[in-house]
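The structure under discussion appears below in the form of structure tokens.
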Amino acid sequence: MSGHGPARPMSALASPPLRGTAHVPGDKSISHRSLILGALSVGETRISGLLEGQDVLDTAKAMQAFGADVVNHGGGDWSVHGVGVGALAEPENVIDCGNSGTGVRLIMGMMATSPITATFTGDASLRSRPMGRITDPLALFGATAHGRDGGRLPLTLVGAANPVPVRYTTPMPSAQVKSAVLLAGLNAPGETVVTETEATRDHTERMLAGFGADITVEEDGQSRIIRLQGQPELRPQTIAVPRDPSSAAFPVCAALLVEGSDVLVPNIGLNPTRAGLYTTLKEMGADLTFENLREEGGEPVADLRARFGPLKGIEVPPERAASMIDEYPILSALAATAEGKTVMRGVKELRVKESDRIDAMARGLEACGVTVEEDEDTFIVHGMGPGGVPGGATCETRLDHRIAMSFMCLGMATQKPVKIDDAGAIETSFPIFIDLMGDLGAVFRRENA
Numbered sequence: 024m025s026g027h028g029p030a031r032p033m034s035a036l037a038s039p040p041l042r043g044t045a046h047v048p049g050d051k052s053i054s055h056r057s058l059i060l061g062a063l064s065v066g067e068t069r070i071s072g073l074l075e076g077q078d079v080l081d082t083a084k085a086m087q088a089f090g091a092d093v094v095n096h097g098g099g100d101w102s103v104h105g106v107g108v109g110a111l112a113e114p115e116n117v118i119d120c121g122n123s124g125t126g127v128r129l130i131m132g133m134m135a136t137s138p139i140t141a142t143f144t145g146d147a148s149l150r151s152r153p154m155g156r157i158t159d160p161l162a163l164f165g166a167t168a169h170g171r172d173g174g175r176l177p178l179t180l181v182g183a184a185n186p187v188p189v190r191y192t193t194p195m196p197s198a199q200v201k202s203a204v205l206l207a208g209l210n211a212p213g214e215t216v217v218t219e220t221e222a223t224r225d226h227t228e229r230m231l232a233g234f235g236a237d238i239t240v241e242e243d244g245q246s247r248i249i250r251l252q253g254q255p256e257l258r259p260q261t262i263a264v265p266r267d268p269s270s271a272a273f274p275v276c277a278a279l280l281v282e283g284s285d286v287l288v289p290n291i292g293l294n295p296t297r298a299g300l301y302t303t304l305k306e307m308g309a310d311l312t313f314e315n316l317r318e319e320g321g322e323p324v325a326d327l328r329a330r331f332g333p334l335k336g337i338e339v340p341p342e343r344a345a346s347m348i349d350e351y352p353i354l355s356a357l358a359a360t361a362e363g364k365t366v367m368r369g370v371k372e373l374r375v376k377e378s379d380r381i382d383a384m385a386r387g388l389e390a391c392g393v394t395v396e397e398d399e400d401t402f403i404v405h406g407m408g409p410g411g412v413p414g415g416a417t418c419e420t421r422l423d424h425r426i427a428m429s430f431m432c433l434g435m436a437t438q439k440p441v442k443i444d445d446a447g448a449i450e451t452s453f454p455i456f457i458d459l460m461g462d463l464g465a466v467f468r469r470e471n472a
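FYI, the numbering for the sequence shown is 24 to 472, going by this note's numbering.
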């Protein structure tokens, strides 16, 4: 996502069959956490396959500002020489997290229980996003936040001089909130407990265990209880970052959209808290196969092959939302070409992402001739079958890369080209997307603003 510079409109034209191998970037969630936990370890953490998009690069700069020695060795290989839990330096300058909600919220958690002060900002989109869901639980540890307009960035966070452990039940399913509390708990004496009533992605728990934290997870059928003992000495690790399942969603869904397509996406992370889209696609009748199933760094991984075939609309259960929250935009684009309606419930979290993603997709799909229904927590797309979507519209991306890429994929299979008003968001958050899709056969055209 980008909030700077002139608009860069682009169109997607009807595509020939997509063929080939799509090497998508490393997982963003794991990349952020690798840098942060590397900075909190004593010694050198080596990372391969790090996603080098701007969001992650901003987190790398932030770790340097807090005292870690972060080195880019090229080719996705990085090292982080950490300072240890409780030994963060106070940044000399404002921490600019760009567009990254994950970055800013996890970093706030990381520093909230250290006796230091830091000011955070970001781009126009990030400055519009609510931070109270993070600063409220951090206040329980003893941290104090001074923000703008109800807790928005720019925001100054004063870390707790004498932190206390907390017991916290997340009020909504959010891996960012859970992770911020767990990271804060690292430097609080005693046991911090986080309870989730709905499971979210568990990369933080897996990685904390890998770095040597004393962390346990219990499930009682109704909730998920995570217990973390504070003030450990984290051990540096060697981390191979799996490929991002959210990024893989775009070439996979494009292959399912475009007749005759056959695309292989290797080394995809299939953490069950992240793989809800692929379960949903299989229920829709998608021709997906998982090859070379294996485990890397505690995360399940496979090579994913997607082939074009007829899809049917389904009802996506609300309890699946947390495992695919970022994939609803591309799913709704794909649903437009299915037979029958696709009902997505329990998706109100989409209203407070980089944009209101339900509204953004609904307005763009309507402009392309697709019938949709929505309320605060539900999104319904009435499929028009393969080749049935008229297209021919200009869709607003709202500075949101997932909205932009979803409409670019849809335009590969519409009767008339689909134009987006600004591809700048793609170039910031998924910079290889245009070339990656072009190598598979997609036809994109840059337009005059």
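For each residue, glycine too, the CB sits at the ideal point set by N, CA and C.
Does DSSP put residue 207 in a helix, a strand or coil? Of the three classes helix, strand and coil, the one that applies to residue 207 here is helix, per DSSP.
With DSSP run on the structure shown, which of helix, strand or coil describes residue 310? Secondary structure at residue 310: strand, using DSSP grouped into helix, strand and coil.
Please classify residue 282 as buried or exposed, where buried requires at least 16 other C-beta atoms within 10 Å of its C-beta. Answer is exposed; the Cβ neighbour count stays below 16.
I need the DSSP call for residue 376, collapsed to helix, strand or coil. Coil.
Quick check on residue 226: buried or exposed, where buried means 16 or more other Cβ atoms within 10 Å of its Cβ? Buried.
Is it buried or exposed for residue 245, if we count other Cβ within 10 angstroms and need 16 for buried? Counting Cβ neighbours within 10 Å, residue 245 comes out exposed, since fewer than 16 surround it.
Close-in-space but distant-in-sequence residues of the same chain around residue 343 (CB under 6 Å, 5 per side omitted): The residues 299, in chain order, have a CB closer than 6 Å to that of residue 343 in the same chain once the five nearest residues on each side in sequence are set aside.
When the Cα atoms are used, what is the spatial distance from residue 46 to residue 271? Near 9 Å, if we compare the C-alpha coordinates of residue 271 and residue 46.
Can you tell me which residues form a DSSP beta bridge with residue 33? According to DSSP, residue pairing for residue 33 in a beta bridge involves 443 and 469.
From residue 210 to residue 53, what distance separates their C-alpha atoms? Straight-line Cα distance between these residues: approximately 21 Å.
Presumed contact (8 Å Cβ cut-off) between residue 71 and residue 264, rounded CB distance: Confirmed, Cβ separation roughly 7 Å.
Identified DSSP bridge partners for residue 100: In the DSSP assignment, residue 100 is bridged to 97.
Just to check my reading of the structure: residue 452 and residue 78 have Cβ atoms closer than 8 Å, yes? What is that Cβ distance to the nearest angstrom? Cβ atoms of residue 452 and residue 78 come within 8 Å of each other, at about 6 Å.
Pairwise C-alpha distance: residue 229 and residue 86: Whole-angstrom Cα-Cα distance: 21 Å.
Taking the C-alpha atoms as reference points, what is the distance between residue 212 and residue 125? For residue 212 and residue 125, the gap between their C-alpha atoms comes out near 25 Å.
Local Cβ density within 10 Å of residue 458, reported as buried at 16 or more and exposed below that: By the neighbour-count criterion, in which 16 or more other beta carbons inside 10 Å mark a residue as buried, residue 458 falls on the exposed side.
Can you check DSSP and say which residues form a bridge with residue 40? DSSP, once it has assigned bridges, lists no residue as partnering residue 40.
In angstroms with no decimal places, state the Cα-to-Cα distance between residue 200 and residue 164. Each residue's Cα considered, the two are about 14 Å apart.
Provide the residue span of the alpha helix (DSSP H) that contains residue 56, from first to last. It spans 51-62 - the alpha helix (DSSP H) in which residue 56 sits, taken as one unbroken run.
Span separating the alpha-carbon of residue 136 from that of residue 188: Between the alpha carbons of residue 136 and residue 188 lies a gap of roughly 10 Å.
State the Cα-Cα distance for the pair residue 391 and residue 359, rounded to the nearest angstrom. Those two C-alpha atoms are separated by around 10 Å.
With a Cβ-Cβ cutoff of 7 Å, do residue 455 and residue 420 count as a contact? Not closer than 7 Å, so no.
Taking just the CA atoms, how far does residue 257 sit from residue 314? So the alpha carbons of these two residues sit roughly 34 Å apart.
Would the segment 171-179 count as touching the segment 93-111 if we require 3 or more Cβ pairs under 8 Å? No: the two stretches stay apart, fewer than three of their Cβ pairs being nearer than 8 Å.
Per DSSP, residue 402 is paired with what? Answer is 367 and 397, bridged to residue 402.
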